[in-house]
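Residue numbers (the numbering used here): 8 to 92.
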């Protein structure tokens, strides 16, 4: 917990994440999201989602928070609020 009693978000990986662009698209479709819906959830543009799914947008070159929201929306990771000692 931070000074002042504020809890921190802790990133929890469900497993080692090695995902192909095809898997990103497959997972989106399995979850029933359209490209615009997922973009709205993640806080990006549909163009960014399509580029990631086609391998034209390496996730490593994108901002950490954006990639975290993207992988979290697809269920590859989860973020929990936990006390940190």
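Where a beta carbon is used, it is the ideal one built from N, C-alpha and C, also for glycine.
- Secondary structure at residue 74: helix, using DSSP grouped into helix, strand and coil.
- Leaving aside the five residues that flank residue 56 on each side, the residues in its chain whose CB is nearer than 6 Å to its CB run, in chain order, 42, 45 and 46.
- In this structure, the CA atom of residue 27 is about 25 Å from the CA atom of residue 87.
- According to the DSSP assignment, residue 65 belongs to no alpha helix (DSSP H), since it is labelled neither H nor E.
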